[in-house]
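I have placed the structure first, in the form of structure tokens, so that the comments after it can refer back to it.
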Amino acid sequence: MEILLAPAIFLLTLLLVLARPWGIGIGWSAWLGAGLALVSGLISPEDILYIARLVWDATLAFVFLIFISIILDRAGFFEWFALKAIHMGGGKGMYLFLSLMLPGALISAIFANDGSALMLTPIIYSKIKHLNLPRRHILPYIMGAGFISDTASLPLVISNLTNIITAHYFRISFWEYALYMFLPNLVSLGLSLLVLYLFYRRDLIRTYEKEVVQSLPPGYAIRDGFIFRMGFVVTGLLGLAFLCLELLRIEVPVSVVLGGCALLLALSTFKNKEVRLKEV
1072 MEILLAPAIF
1082 LLTLLLVLAR
1092 PWGIGIGWSA
1102 WLGAGLALVS
1112 GLISPEDILY
1122 IARLVWDATL
1132 AFVFLIFISI
1142 ILDRAGFFEW
1152 FALKAIHMGG
1162 GKGMYLFLSL
1172 MLPGALISAI
1182 FANDGSALML
1192 TPIIYSKIKH
1202 LNLPRRHILP
1212 YIMGAGFISD
1222 TASLPLVISN
1232 LTNIITAHYF
1242 RISFWEYALY
1252 MFLPNLVSLG
1262 LSLLVLYLFY
1272 RRDLIRTYEK
1282 EVVQSLPPGY
1292 AIRDGFIFRM
1302 GFVVTGLLGL
1312 AFLCLELLRI
1322 EVPVSVVLGG
1332 CALLLALSTF
1342 KNKEVRLKEV
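Under this note's numbering, the first residue of the sequence shown carries the number 1072, and numbering increases by one thereafter.
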């Protein structure tokens, strides 16, 4: 009976998530599936507690990363990166492609693949439109940004929820994980760029007008200079905190470190009040 019941509940949950009948939220569909699995005896309360112990750190870390990303986004942090990349392209389409993908990989590594995909991709789209390109020439940059967000989310523990769970389960420290994944991430990034180029090479523009770029200086994107600078400070403190904890052999959940960074940024919003905390 369980052999049939488990796939049935899974398929029902998946159908509700995809179809969203009567406007049901994805979260409610997941709750329904979990409730059916519990009531039917497929899982026990002990199973729920085991999973909770396994994923609580990753879940909180994800919440803090998104919180940090939203604050920085409101301050113009990611938009500055996008405009800076367009300027670095120097009017050449191939350079533009690389200058958008590489910062995207960096942002994905630090602010997680979800944060990068959610924040950076729509910003790139909005800025690329200023180049007055046909739709077929815009698509490679948008798809590339989303693709790189996932394939470049290997180097750090905080780059992906799966990384956090894996590091927690196998008790791998932050910098030890970074050392192990440095080469695989480089290979993944290189192959991703190659695949994107081969797939979209006919749609990549050769040149674009520098005059349009000059009308959009990177500084134009910054809405709160203090929080913008704090973004770089917090990024540095994040790496330093994990390094000190590792040298001192102190085990602290990833979410605690990210929570401290989130609190620091939250307090930073009170200086200029350009970013309102209640709107985050």
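Idealized CB from N, CA, C, for every residue including glycine.
The three-state secondary structure of residue 1163, taken from DSSP, is strand.
Annotation: residue 1097 to residue 1215 spans about 27 Å, alpha carbon to alpha carbon. In terms of Cα proximity to residue 1152, the closest of 1162, 1177, 1301, 1141 is 1177.
Residue environment for residue 1124: exposed (fewer than 16 other C-beta atoms within 10 angstroms of its C-beta).
Rounded to the nearest whole angstrom, the CA to CA distance from residue 1259 to residue 1267 is 12 Å.
Non-local C-beta neighbours of residue 1345 in its own chain, meaning closer than 6 Å and more than five positions away in sequence, comprise 1294, 1295, ordered along the chain. Taking a C-beta distance under 9 Å as the contact criterion, residue 1138 and residue 1298 do not qualify as a contact pair. Inter-residue distance for residue 1105 and residue 1244 is about 32 Å (C-alpha atoms, whole angstroms). Inter-residue distance for residue 1332 and residue 1229 is about 13 Å (C-alpha atoms, whole angstroms).
Per DSSP, the beta-bridge partners of residue 1278 are 1163.
By the neighbour-count criterion, in which a residue is buried when 16 or more other Cβ atoms sit within 10 angstroms of its Cβ, residue 1135 is buried. Residue burial is scored here from C-beta neighbours: residue 1321 has fewer than 16 other C-beta atoms within 10 angstroms and is therefore classed as exposed. Here residue 1221 carries a helix assignment [DSSP, helix/strand/coil]. If you compare the alpha carbons of 1272, 1327, 1336 with that of residue 1212, the shortest gap goes to 1272. For the pair residue 1101 and residue 1276, the Cα-to-Cα distance works out to about 43 Å.
Residue 1346 carries a coil assignment under DSSP once its states are collapsed to helix, strand and coil. One Cα belongs to residue 1131, the other to residue 1203, and the distance between them is close to 41 Å.
Cα atoms of residue 1225 and residue 1090: separation of roughly 31 Å, rounded to the nearest angstrom. Judged by pairs of C-beta atoms under 8 Å, the region 1302–1316 touches the region 1332–1343, as three or more such pairs exist. Every alpha helix (DSSP H) stretch that sits fully inside the region 1194–1270 and reaches 4 residues is listed by chain position as 1206–1222, 1232–1241. Less than 9 Å divides the Cβ of residue 1263 from the Cβ of residue 1223. It is roughly 12 Å from the alpha-carbon of residue 1110 to the alpha-carbon of residue 1076. By the criterion of a C-beta distance shorter than 8 Å, residue 1221 is surrounded in its chain by 1179, 1184, 1188, once the five residues flanking it on both sides are discounted. A residue is called buried when at least 16 other Cβ atoms come within 10 angstroms of its Cβ; residue 1290 does not meet this threshold and is exposed.
At a Cβ-Cβ threshold of 9 Å, residue 1301 and residue 1339 count as neighbours. Distance from the CA atom of residue 1172 to the CA atom of residue 1217, rounded to whole angstroms, is 9 Å. Between residue 1270 and the set 1329, 1207, 1303, the nearest pair of CA atoms involves 1207. For residue 1294, the three-state secondary structure derived from DSSP is coil.
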